[in-house]
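In full-length UniProt numbering, the protein residues as written are 1 to 435.
Taking it in order: structure first as structure tokens, then the write-up.
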């Protein structure tokens, strides 16, 4: 990869020429790091500034190239309205449904237009950010012609504001913005989260009569499966001169008072389990507080974080053999026991990797009206704005049994389900305000 070679050599002229020619800065090397991350870790600030200065126009050009295909795909789909519920459930932790974040996403689709309503803007640990907002993708533009086709808008109902999320997306960043971003990335370690499903195996759950377990999810009858050999990993790389993990944690200790009111409800062990569950629902980075999470989030680029390379789907085998079940359980235990490992790179920076085996539960139904490949383009629009949708999209990129759809997905305590689906052309797309 020429750009990685230019970064390794610290050649600013070659980096500039490659970026102007349209080089993809997000391509990863053998260790899984992008060219920008390598430049930051090697303290090549001049090279990093060149990449940051050019990647926004390149991302905009890529979006413009994909837009016609996305709009065409949406027009070929049936019109619909559906609801997706996201919440936490646990038989171990009491009152988790009251404490942990939850929301119901209402999604309308008509022609090439999409609308999603939500009330959960985000969360960090126990801190929940509520915001009554709508995300509008107007592939056909507005009826009055004032909004161009392909516009993405965020509507805040409380503030009575409409913002164009793509406004100025193609404009290059100013020198002050470039300097600010490079400085921010150089202050903490770099993290790269990922989910590996390349070795995943689906095992049907059975009843006490040894029959395959069936449950109703909304109006759909679904089979319940355990997904074995799923590994969540977070690689971290120390940036020379940046804050250590202990320093970041100490700087965030002042925010712990915000959640002390939960001490009367949960025990110490329950608090720990809930904190782990909340953190796992994000990008896989362990957060120690709101301000700490804000620092870390700047270091994570928007990229595919599934275990498959080049956007390929990973296959998932279905088996009921006990020996395969034991192998999956042993692999999960092995990944948990070897939770953290590190090695010193040539540049002297410390690289660590945290791995944890998960056992998601999937409810697969052949009766859901949409196919997974039809829903993926819609989730691409919402994934960068909604964490729960991002996790669902990661699961849908795996190759599930033909003709099935995951109407319900459970990750540890995290639960997402499709509640209802209505196929109709009389759906509400454009926002009707009473203000």
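Just so you know, even glycine gets a beta-carbon here, dropped at the ideal spot from N, CA and C.
Next on the checklist: Here's a check: name, in chain order, each residue in its chain whose Cβ is nearer than 8 Å to the Cβ of residue 174, leaving out the five neighbours to either side.
Outcome noted: Residue mapping note: residue 174 aligns to position 174 of the chain shown, counting from 1. No residues qualify anywhere along the chain.
Next on the checklist: Checking 9 Å against the spacing of the C-beta atoms, do residue 35 and residue 74 come in under that value?
Outcome noted: Here residue 35 is taken as the residue at index 35 of the chain shown, counted from 1. Here residue 74 is taken as the residue at index 74 of the chain shown, counted from 1. Result no, Cβ atoms of residue 35 and residue 74 do not sit closer than 9 Å.
Checklist entry - In whole angstroms, what separates the C-alpha of residue 360 from that of residue 43? => result On the chain shown, residue 360 is found 360 positions in, with the first residue counted as 1. On the chain shown, residue 43 is found 43 positions in, with the first residue counted as 1. Cα to Cα, the separation comes out at about 39 Å.
Next on the checklist: With the cut-off set at 9 Å, would you say residue 239 and residue 187 are in Cβ contact?
Outcome noted: What you label residue 239 is simply residue 239 of the chain shown in a count that begins at 1. What you label residue 187 is simply residue 187 of the chain shown in a count that begins at 1. Yes; because the gap between Cβ atoms is below 9 Å, this pair is in contact.
Checklist entry - Taking C-alpha atoms, which residue in 181, 137 and 183 lies nearest to residue 164? => result Here residue 164 refers to the residue found at position 164 of the chain shown. Nearest of 181, 137 and 183 to residue 164, Cα basis: 137.
Next on the checklist: Which complete beta strand (DSSP E) runs does the stretch 394 to 420 hold, if anything under 3 residues is left out?
Outcome noted: 405 to 411
Next on the checklist: So, does the stretch 200 to 207 touch the stretch 148 to 167, judging by three or more C-beta pairs under 8 Å?
Outcome noted: no
Next on the checklist: Contact defined as beta carbons within less than 8 Å: I believe residue 422 pairs with residue 221. What is the distance between those atoms, to the nearest angstrom?
Outcome noted: Sequence index remark: in the chain shown, residue 422 carries index 422 (1-based). Sequence index remark: in the chain shown, residue 221 carries index 221 (1-based). Not really, about 18 Å apart at Cβ, beyond 8 Å.
Checklist entry - By the 10 Å Cβ neighbour count, where 16 or more other Cβ atoms means buried, how is residue 148 classified, buried or exposed? => result Reading the chain shown from its first residue, position 148 is the one you call residue 148. By the neighbour-count rule (16 or more Cβ atoms within 10 Å), residue 148 is not buried but exposed.
Next on the checklist: Under 8 Å, with one C-beta from each stretch per pair, do the stretch 63 to 83 and the stretch 367 to 376 reach the 3-pair mark?
Outcome noted: yes
Next on the checklist: Just to confirm my understanding: we take residue 416, look at its own chain, exclude 5 residues before and 5 after, and list those with CB closer than 6 Å. What are they?
Outcome noted: For the purposes of this step, residue 416 is taken as the residue at position 416 of the chain shown. Same-chain partners within the cutoff: 86, 388, 392 and 409.
Checklist entry - Where does residue 180 fall in DSSP's three states? => result Counting from 1 along the chain shown, the entry for residue 180 is found at position 180. Residue state, collapsed to three classes: helix.
Checklist entry - DSSP on residue 310, reduced to helix/strand/coil? => result Taking the first residue of the chain shown as 1, we reach residue 310 at position 310. Because residue 310 sits at a pLDDT of 40, beneath the cut-off of 50, its placement in the model cannot be relied upon, and the point is left open.
Checklist entry - Under a three-way DSSP split, which group does residue 163 fall into? => result Along the chain shown, one-based indexing puts residue 163 at 163. Three-state result, residue 163: strand.
Item to check | Residue(s) in a DSSP beta bridge with residue 152 | outcome: In the chain shown, counting from the first residue as 1, residue 152 sits at position 152. Looking at the DSSP assignment, residue 152 forms a beta bridge with 137.
Checklist entry - For the putative contact between residue 117 and residue 106, defined by C-beta atoms under 8 Å, what is the C-beta separation to the nearest angstrom? => result As a first step, residue 117 must be located in the chain shown, where it is residue number 117. As a first step, residue 106 must be located in the chain shown, where it is residue number 106. At roughly 4 Å, the Cβ-Cβ gap stays under 8 Å, so residue 117 and residue 106 are in contact.
Item to check | residue 27 to residue 171 span [Cα, whole Å] | outcome: As a position in the chain shown, residue 27 is number 27, starting the count at 1. As a position in the chain shown, residue 171 is number 171, starting the count at 1. Approximately 22 Å, taken between the alpha carbons.
Checklist entry - Going by alpha carbons, who is nearest to residue 395 out of 145, 197 and 24? => result Indexing the chain shown from 1 puts residue 395 at position 395. The shortest C-alpha separation from residue 395 is found at 197.
Checklist entry - residue 372 lies in the alpha helix (DSSP H); which residues open and close that run? => result On the chain shown, position 372 is the one that residue 372 refers to. Per DSSP, residue 372 belongs to the alpha helix (DSSP H) from 372 to 383.
Item to check | Of the residues 227, 45 and 192, the one placed nearest residue 178, counting alpha carbons only | outcome: In the chain shown, the residue the question calls residue 178 occupies position 178. Cα-wise, what sits closest to residue 178 is 45.
Checklist entry - Which term fits residue 64, buried or exposed, when burial requires 16 or more other beta carbons within 10 angstroms of its beta carbon? => result Translated into the one-based positions of the chain shown, residue 64 becomes position 64. Classification of residue 64: exposed, given that the 10 Å Cβ count is below 16.
Next on the checklist: Per the DSSP calculation, residue 227 is bridged to which residue(s)?
Outcome noted: Counting from one through the chain shown, the residue named residue 227 turns up at place 227. According to DSSP, which records beta bridges pairwise, residue 227 is partnered with 202.
Item to check | Beta bridge counterpart(s) of residue 81 as assigned by DSSP | outcome: The count along the chain shown starts at 1 and reaches residue 81 at position 81. In DSSP, residue 81 forms a bridge with 108 and 422.
Checklist entry - For residue 20, does the count of other Cβ atoms within 10 angstroms reach 16, so buried, or fall short, so exposed? => result Walking along the chain shown from the start, residue 20 turns up at place 20. Under this definition residue 20 is an exposed residue.
Item to check | residue 53 versus residue 7: straight-line alpha-carbon distance, rounded | outcome: Walking along the chain shown from the start, residue 53 turns up at place 53. Walking along the chain shown from the start, residue 7 turns up at place 7. If you take the alpha carbons of residue 53 and residue 7, they lie about 15 Å apart.
Next on the checklist: According to DSSP, is residue 193 part of a helix, a strand, or is it coil?
Outcome noted: As a position in the chain shown, residue 193 is number 193, starting the count at 1. In the structure shown, residue 193 sits in a strand (DSSP, three-state: E or B).
Item to check | C-beta atoms of residue 140 and residue 71 nearer than 9 Å | outcome: In the chain shown, residue 140 corresponds to position 140, counting from 1. In the chain shown, residue 71 corresponds to position 71, counting from 1. Going by C-beta atoms, residue 140 is nearer than 9 Å to residue 71.
Checklist entry - Which first and last residues belong to the beta strand (DSSP E) in which residue 359 is found? => result For the purposes of this step, residue 359 is taken as the residue at position 359 of the chain shown. Looking at the DSSP string, residue 359 is not in any beta strand (DSSP E), and its letter there is neither H nor E.
Item to check | Helix, strand or coil at residue 174 according to DSSP, with G and I counted as helix | outcome: Numbered from 1 along the chain shown, position 174 holds the residue referred to as residue 174. Coil.
Item to check | Residue burial classification, residue 355 (beta-carbon count within 10 angstroms, cutoff 16) | outcome: In the chain shown, residue 355 corresponds to position 355, counting from 1. Buried is the call here.
Item to check | Reduced DSSP secondary structure (H/G/I, E/B, other) of residue 70 | outcome: By 1-based counting over the chain shown, the position of residue 70 is 70. Here residue 70 sits in helix by DSSP.
Item to check | Chain-order list of residues whose beta-carbon lies under 6 Å from that of residue 16 (same chain, five-residue window excluded) | outcome: The residue given as residue 16 occupies position 16 in the chain shown. So the list reads 50, once near-sequence residues are dropped.
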